Each structure stands twice: as C-alpha cells, then as structure tokens.
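*Asks:* For the sequence shown, the working numbering begins at 1 and goes up steadily by one. Note that the Cβ used here is the ideal one computed from N, Cα and C, for glycine as well. Given the structure is predicted, the values throughout are model-derived calculations rather than measurements. If you scroll down you'll find the structure; I have some questions about it.
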Amino acid sequence: MNVHFLTVPGLASSGPQHWQTIWEKHYPDTFSRVQQHNWDWPVKDDWVGQLQKQVAELAQPTVLVAHSMGCITVAHWAQEYAPGQVVGALLVAPADAEQSKRLSFVVGFSPIPLKTLPFKSIVVASTNDRYATLSRSKHFADHWGSEFINLGKKGHINAVSGLGDWPEGKEILQKLGSVTPAASF
C-alpha cells in the first residue's frame with residue numbers, strides 16, 4: 001500500500017530546521033503540508049476547515065503528521081468530519097490550548113475534544129514541554145485511543161529541540177504498523 005503523509009504544523013508553521021520540514025524536503029513524493037492562511041493567529045474553524053479541504057482532495061491512504069496546535073486541529077477535525085483517506089496520525093507535542101497561558105490568544109480550540117480518533121494514532125510527548133504537561137499529553141492520548149510515547153526531556157519537540165531529521169520520530173512513525181510500509185523511509 002502506498003501511503004501519503006500530510007504534515008499538520010502548529011503555530012507559526014514549521015521552519016527550515018523543524019523535523020516536519022526536513023521530512024518534507026527529504027521525501028517530496030510522499031509528504032505534503034497543510035497550508036493555513038494565518039499561521040500566527042490560529043482560529044479553529046479556519047484551521048480545521050483548511051485541513052478538511054486538503055483531506056477531501058486526497059487520492060490515497062494518508063497518515064497525518066501533526067505537531068503542537070496541529071494535533072489539536074486534528075482532534076477537532078476528527079470530531080467534525082469522516083476520516084476519508086486518513087488511516088493514521090502521529091501527534092507530536094499536543095499543545096494544551098485549555099491550560100497553557102502561552103496559548104491564550106488562540107481562538108475556538110477549547111474545549112479540546114476527547115473523543116476516540118477513528119484511526120490508529122500515536123501521541124509523542126516530552127517531560128519539559130512548555131505548551132503541555134506530560135500528564136495532559138497522556139490524558140489526550142488516553143481519550144483519543146492513542147498509543148503514548150514519552151521521549152523524556154525534548155522540549156516542545158520542535159526545531160529548538162535540535163532533532164534535525166529526527167530518526168527516532170521516523171521509527172515511531174513506523175510503529176503505526178500496517179498503516180505505514182517500511183519502504184516509506
């Protein structure tokens with residue numbers, strides 16, 4: 001099965017040193033990115049609507065590869081829409097739009113949906129993430145029906161974390177099993 005990967009970045013998108021961007025550059029035939037109209041001022045209806053627009057255009061089985069507010073966007077999207085071609089999701093460092101004071105300006109993302117996702121998923125979190133405590137990330141994983149992986153001290157698991165190509169992340173993506181064939185990377 002040929003699987004496509006759709007990255008769903010968070011606030012400010014993912015810059016050139018972010019693992020999402022690096023994966024897109026290394027695998028341009030299998031990765032594409034959700035494009036938001038305003039990366040700096042997240043509005044749930046806009047972000048979810050844009051994700052749905054791109055999911056509706058998918059022509060093959062797809063795994064969502066989300067980071068930060070992108071994870072919360074996926075949770076809202078999955079509550080509102082049928083999964084279509086989406087067969088799995090890697091949800092890295094979900095941002096706690098309910099409890100993080102750093103995210104007080106985001107619009108409409110609270111409450112965070114706690115409905116089981118209709119596809120296989122993995123939540124990856126860090127013990128020192130400024131945007132969500134480890135216990136909150138585990139709480140999301142439990143409710144979303146996701147496998148949970150604690151990476152230890154990796155910050156917000158973004159470019160500042162210095163992960164580069166993030167080989168461990170690619171191994172975790174492979175844990176989605178039959179959803180992602182080994183030949184993808």
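For the segment 13 to 27 against the segment 58 to 76, are there 3 or more C-beta pairs whose distance is under 8 Å?
*Replies:* With a cut-off of 8 Å, the segment 58 to 76 and the segment 13 to 27 count as touching, because enough Cβ pairs lie within range.
*Asks:* Run through the segment 29 to 82 for me and flag every whole alpha helix (DSSP H) of 4 or more residues, listed as ranges in chain order.
*Replies:* Counting only runs of 4 or more, we get 44 to 56, 69 to 80.
*Asks:* Just the C-alpha distance for A56 and G84, rounded to the nearest angstrom, thanks.
*Replies:* So the two alpha carbons sit approximately 7 Å from each other.
*Asks:* Pull up the distance between the alpha-carbon of A78 and that of K170, whole angstroms please.
*Replies:* Distance between the alpha carbons of A78 and K170: 23 Å.
*Asks:* Using a 10 Å radius around the Cβ and a threshold of 16 neighbouring Cβ atoms, would you call A59 buried or exposed?
*Replies:* Its Cβ having fewer than 16 others within 10 Å, A59 is exposed.
*Asks:* Out of E98, K115, K175, state which residue places its alpha-carbon closest to the alpha-carbon of T133.
*Replies:* Among E98, K115, K175, the Cα nearest to that of T133 belongs to E98.
*Asks:* In the DSSP output, what is H4 paired with across the bridge?
*Replies:* Answer by DSSP bridge pairing, in chain order: T62.
*Asks:* Leaving out five residues before and five after N2 in sequence, what residues of the same chain have Cβ atoms less than 7 Å from its Cβ?
*Replies:* Result list for N2: Q60, in chain order.
*Asks:* Cβ of E24 within 7 Å of any heavy atom in the ligand FAD?
*Replies:* With respect to the ligand FAD, the structure shown offers nothing to examine, as it has no ligands at all.
*Asks:* Between the C-alpha atoms of L117 and S146, what's the straight-line distance to the nearest angstrom?
*Replies:* Their backbone Cα atoms lie some 8 Å apart in a straight line.
*Asks:* Could you check how far apart the C-beta atoms of S100 and Y131 are, in whole angstroms? I think they sit under 8 Å.
*Replies:* Right, their Cβ atoms sit about 5 Å apart.
*Asks:* Three-state secondary structure (DSSP) at G164?
*Replies:* Reduced to three states, the DSSP call for G164 is coil.
*Asks:* Any idea what DSSP makes of T159, helix, strand or coil?
*Replies:* Checking the sequence, you will find Ala at residue 159 rather than Thr. Reduced to three states, the DSSP call for A159 is helix.
*Asks:* Between which two residues does the alpha helix (DSSP H) holding S137 run?
*Replies:* Element bounds for S137: 134 to 144.
*Asks:* Which residues does DSSP list as the beta-bridge partners of F192?
*Replies:* Residue 192 lies beyond the residue range present for the chain, which begins at 1 and ends at 185; the question has no answer from this structure.
*Asks:* Excluding the 5 residues flanking I186 on each side, which residues of the same chain have their C-beta closer than 7 Å to its C-beta?
*Replies:* Any answer about residue 186 is impossible in this case: the structure gives the chain only from 1 up to 185.
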